[in-house]
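Numbering (UniProt numbering), first residue to last: 1 to 300. Where is the CB? At the ideal position from N, CA and C, for every residue including glycine. Notes for the one structure printed next.
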């Protein structure tokens, strides 16, 4: 499985996370989200997702993973805490001729497993597959400890609507030495330190920021949620961009630099991201960073 360089986009000046939210959402959908397609496909292939699968996507973003599952014949339901991304997912999944099970149209809702759309979907039939492709950043917010606790609580709620023996999939970054993007993401973590350190008393909770993924983090999260591990795998997910501007915009759209922008300023953050990306820019101007992602399959 290989990634494809995204098409070239016209440059757009960087602005803050507060004023540029709609543009960041578009950048996520048009540039960044597709980088994880190899992960989605590997998981779906291993679980034989297709007709008869009832899938719940936690942190479904702008819906690309759901769309791929629906194209395989699955009935899909998705929730996300970002209303803008969810609107894009709705556009994709309700478009004329959208794939899926016509008897069970896609259901989407704001929030998590407590969303009415999840209850409605589970009332028809229990889910057979639940995916959390970005468990810590998508399921919780705040300090690392609070994030893990919130993620575990979310998984418990999702498992309640999943059939016995159903699969719950967690995913995260692989070893830092095998993820070229980790060096760039450390820029955001370093710049965000002033507001994410203990003792920060800002009015707004600290946004999600990138953290190193320990060897057993996914297993520990599964254990806290009462899930039984049943296999794992690693998938190559290289991040490839048509040019430096697309690379910076794609990375900013992840939300992992929002805390850094609050602690410093958008211009400084963009400058330091660009500097960190220079070693990964090739002679033709494209940016290429090989990465490995890990997934863990659990059973309810």
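Rounded to whole angstroms, the separation of the alpha carbons of residue 227 and residue 112 is 18 angstroms. Counting only runs of 3+ residues, the beta strand (DSSP E) found wholly inside the region 14-95 occupies 54-58, 75-80, in chain order. When rounded, the separation of the alpha-carbon atoms in residue 253 and residue 27 is 6 angstroms. Of all C-beta pairs linking the region 269-287 to the region 19-39, fewer than three are shorter than 8 angstroms, placing the two stretches out of contact.
Around the beta-carbon of residue 80, 16 or more other beta-carbon atoms lie within 10 Å, marking it buried. Going by DSSP, residue 110 is part of the beta strand (DSSP E) stretching over 107-110. DSSP places residue 178 in no beta strand (DSSP E); its state is neither H nor E. DSSP places residue 300 in the coil class of the three-state scheme, outside both helix and strand. One alpha carbon belongs to residue 271, the other to residue 56, and they sit about 38 angstroms apart. Of all alpha-carbon atoms in 295, 162, 193, the one lying nearest the alpha-carbon of residue 262 is that of 193. Residue 166 is positioned such that its CB atom lies closer than 8 angstroms to that of residue 126. Boundaries of the alpha helix (DSSP H) around residue 258: 258-263.
Here the C-alpha atom of residue 82 lies approximately 15 angstroms from the C-alpha atom of residue 64.
Per the C-alpha coordinates, the member of 244, 169, 217, 181 positioned closest to residue 45 is 169. In this structure, residue 293 places its C-beta atom within 8 angstroms of the C-beta atom of residue 39. With a 10 Å radius around the Cβ and a threshold of 16 neighbouring Cβ atoms, residue 131 comes out buried.
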